[in-house]
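A quick write-up on the structure given underneath.
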Amino acid sequence: MIFTKILIPVDDSKHSDNAVIYGASLAGMSGGKIIILHCHRPVPTGLGEPNFQKAIDDATRESYAILEKKTALLKDKRVNYDEKIIGGSIAKSIKTVAETEACDLIIIGSKGKSDLEGLVVGSVTHKVLHIAECPVLVIK
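Counting from 119, one number per residue, gives the positions in the sequence shown under my numbering.
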């Protein structure tokens, strides 16, 4: 099967690194493109100024730092990619981006950085598996 557009949601976990590396390999074989997506939770609106703006700036800075680490994994790969940052409900945001970008595959790490050690799949991965319209590949 040829995948033309692969969505890879990322956080700062090793599972996420593995998803990027595997996705780049798969996209390279099929001539496809990957979209590396970092979703951050919504910033609380009741913080007031200047705390609200600081929270937005902090979330944005963290997102760019994570994307920088993930795109560094692609340095020696010959793969076409885009980067996206979005805020909101993480699983729903992943589903929305997959649909609006017409992705034919989502590759996601089995667990995020904050998930408990004994879980087989993390909470976000579990939700994405249930709500995504396209195939989802889970990577350890």
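Glycine included, every Cβ here is placed at the ideal spot set by N, Cα and C.
Is the separation between the beta-carbon of residue i and that of residue j shorter than 8 angstroms?
| i | j | result |
| --- | --- | --- |
| residue 174 | residue 155 | no |
| residue 257 | residue 209 | no |
| residue 151 | residue 222 | no |
| residue 214 | residue 229 | no |
| residue 149 | residue 196 | no |
Could you tell me the distance, in whole angstroms, from the CA atom of residue i to the CA atom of residue j?
| i | j | result |
| --- | --- | --- |
| residue 246 | residue 157 | 13 angstroms |
| residue 131 | residue 201 | 17 angstroms |
| residue 190 | residue 135 | 10 angstroms |
| residue 251 | residue 194 | 32 angstroms |
| residue 133 | residue 227 | 5 angstroms |
| residue 225 | residue 254 | 6 angstroms |
| residue 137 | residue 160 | 24 angstroms |
| residue 167 | residue 177 | 16 angstroms |
| residue 199 | residue 240 | 25 angstroms |
| residue 128 | residue 164 | 27 angstroms |
| residue 179 | residue 204 | 13 angstroms |
| residue 170 | residue 162 | 7 angstroms |
| residue 120 | residue 181 | 30 angstroms |
| residue 140 | residue 211 | 22 angstroms |
| residue 172 | residue 206 | 17 angstroms |
| residue 188 | residue 144 | 16 angstroms |
For the putative contact between residue i and residue j, defined by C-beta atoms under 8 angstroms, what is the C-beta separation to the nearest angstrom?
| i | j | result |
| --- | --- | --- |
| residue 78 | residue 142 | No statement about residue 78 is possible, as the shown extent of the chain runs from 119 to 258 and does not include it. |
| residue 153 | residue 219 | 6 angstroms |
Using a threshold of 7 angstroms, is the CB atom of residue i nearer than that to any non-hydrogen atom of the ligand MN?
| i | result |
| --- | --- |
| residue 207 | The ligand MN is not part of the structure shown, which contains no ligands of any sort. |
Legend entry - Whole alpha helix (DSSP H) elements within the region 172–205, 4-residue minimum: Taking 4 residues as the shortest admissible run, the region 172–205 contains no complete alpha helix (DSSP H) segment at all.
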